[in-house]
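Notes to accompany the following structure.
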Amino acid sequence: MKTKIELVQADITHLAVDAIVNAANKTLLGGGGVDGAIHRAAGPQLLAACILLGGCETGQAKITEGYKLPARFVIHAVGPVWHGGRANEEKLLADCYRNSLALAQERDLKSIAFPAISTGAYRFPIGRAASIAVGTAREFLGQNPGSLERVVFVLFSEEDYRVYCDAYRSAFGTQGPG
Ligand code: AR6
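Heads up, the sequence shown is in this note's numbering, so the first residue is 26 and it goes up one at a time.
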């Protein structure tokens, strides 16, 4: 696989990548958590652009410009709310990653950064979410070679970063992403 998967502990709004992914809700009109941080950093033009998108279904993703962000684009993905695991949550979370990666490749983007979608307000267990994020990216990139050169998973806390390192080791069977 030519695309490099990276893990970093950072604030996603600071990253100068082609696209950052937002953990949005179905209205796409902003909220708390990483969604709030992205809207604050991008400025009011982002909300104006999101209003025109008309919402988004769970598991799907839509793209806007990044406005005042260092990232050129924002991909707004709607993760599932965790209801205990029997409401198709794992497939819907994988769909978020697949659809966001597909949008990035359609636009010929080279780098994309993801937060840990659904693991905050939506309560998806972090260990399962990490395996789905890393595993789905690995599978997608293996099956869909394209423009992407870097896929970055951005973790806000040190604990979440460690959980993702474990998921990376399980997926790739190595010492870790370095
Ligand atoms: N950079 C990177 N990660 C962040 C940042 C940041 N600046 N801020 C928070 N996180 P959440 P969800 C992490 O709740 O669970 C919103 O109100 C955070 O620590 O932002 O998908 C939306 O409008 C956690 O690990 O998203 C929706 O209504 C992760 O981002 C709802 O919350 C996701 O937490 C979506 O909930």
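Note that the Cβ used here is the ideal one computed from N, Cα and C, for glycine as well.
request  = Within the same chain, show all residues whose beta-carbon is closer than 8 Å to that of Glu183, passing over the 5 residues directly before and after it, in chain order.
outcome  = What you label residue 183 is simply residue 158 of the sequence shown in a count that begins at 1. If we look at Glu183 and ignore the five residues flanking it on each side, its Cβ neighbours are Gln34.
#### Entry: Rounded C-alpha distance that separates Ile30 from Leu128
Stepping through the sequence shown from its first residue, residue 30 is reached at position 5. Stepping through the sequence shown from its first residue, residue 128 is reached at position 103. One Cα belongs to Ile30, the other to Leu128, and the distance between them is close to 17 Å.
Quick one: what does DSSP say Arg175 is sitting in, helix, strand or coil? Residue numbering aside, residue 175 sits at position 150 when the sequence shown is read from its first letter. If DSSP states are grouped into helix, strand and coil, Arg175 belongs with the strands.
task: Check whether the Cβ of Tyr147 sits closer than 7 Å to any heavy atom of ligand 1, and report yes or no.
output: Here residue 147 corresponds to residue number 122 of the sequence shown, with the count starting at 1. Yes, since a heavy atom of ligand 1 falls inside the 7 Å radius drawn around the Cβ of Tyr147.
Member of Leu32, Val106, Glu90, Ala73 whose CA lies at the smallest distance from the CA of Lys51: As a position in the sequence shown, residue 51 is number 26, starting the count at 1. Among Leu32, Val106, Glu90, Ala73, the Cα nearest to that of Lys51 is on Val106.
Determine the burial state of Ala141: buried for a count of at least 16 other Cβ atoms within 10 Å of its Cβ, exposed for fewer. Against the sequence shown, residue 141 aligns to sequence position 116. Per the 10 Å Cβ criterion, buried.
Check your understanding: By DSSP, does Leu126 sit in helix, in strand, or in coil?
Key -> What you label residue 126 is simply residue 101 of the sequence shown in a count that begins at 1. Leu126: helix per DSSP, three-state reduction.
Could you check where the alpha helix (DSSP H) with Phe197 kicks off and where it finishes?
Locating residue 197 in the sequence shown gives position 172, counting from the first residue. Start and end: 183-197.
Exercise. In three-state terms, what does DSSP make of Thr89?
Worked result: Taking the sequence shown and counting its residues from 1, the one referred to as residue 89 is at position 64. Collapsing the DSSP output to three states places Thr89 in a strand.
What does Val46 pair with, by DSSP beta-bridge criteria? By 1-based counting over the sequence shown, the position of residue 46 is 21. According to DSSP, Val46 bridges with Ile100.
Here's the rule I'm using: 16 or more other beta-carbon atoms within 10 Å means buried, otherwise exposed. How should Ser125 be labelled?
The residue given as residue 125 occupies position 100 in the sequence shown. Ser125 is buried by the Cβ-count criterion.
Quick test of your reading: Ala119 and Ala102, contact by CB under 8 Å. State the CB separation rounded to the nearest angstrom.
Looking up residue 119 in the sequence shown gives position 94. Looking up residue 102 in the sequence shown gives position 77. That pair is no contact at about 11 Å.
**Q.** Beta-carbon proximity list for Ala192, same chain, < 6 Å, skipping 5 on both sides
**A.** Numbered from 1 along the sequence shown, position 167 holds the residue referred to as residue 192. Excluding five sequence positions before and after Ala192, the CB atoms of its chain that fall closer than 6 Å to its own CB belong to Ala155, Ser156, Val159, given in chain order.
Quiz item: Should Val176 and Ala162 be called a contact, given that it needs their Cβ atoms to be closer than 8 Å?
Solution: Walking along the sequence shown from the start, residue 176 turns up at place 151. Walking along the sequence shown from the start, residue 162 turns up at place 137. Contact flag set, yes.
Between Cys81 and Leu117, which are expected to be in contact by the criterion C-beta below 8 Å, what is the C-beta distance as a whole number of angstroms?
By one-based count along the sequence shown, residue 81 stands at place 56. By one-based count along the sequence shown, residue 117 stands at place 92. With a contact defined as Cβ atoms closer than 8 Å, Cys81 and Leu117 miss out at about 12 Å.
Note to self: Using a 10 Å radius around the Cβ and a threshold of 16 neighbouring Cβ atoms, would you call Asp133 buried or exposed?
What the structure shows: Here residue 133 refers to the residue found at position 108 when the sequence shown is read from its first residue. By the 10 Å Cβ count, Asp133 comes out exposed.
To the nearest whole angstrom, what separates the beta carbons of Ile45 and Ala138, a pair I think is in contact under 8 Å?
The residue labelled residue 45 in the question sits at position 20 within the sequence shown. The residue labelled residue 138 in the question sits at position 113 within the sequence shown. A Cβ-Cβ separation of about 5 Å places Ile45 in contact with Ala138 under the 8 Å criterion.
Does DSSP classify Ser143 as helix, strand or coil? To locate residue 143, count along the sequence shown from 1; it is residue 118. Look at Ser143 here: in three-state DSSP terms it is coil, with no helix or strand label.
Hey, could you find the ends of the alpha helix (DSSP H) Ile63 is sitting in? Translated into positions along the sequence shown, residue 63 becomes position 38. For Ile63, the enclosing alpha helix (DSSP H) has its first and last residue at 58-67.
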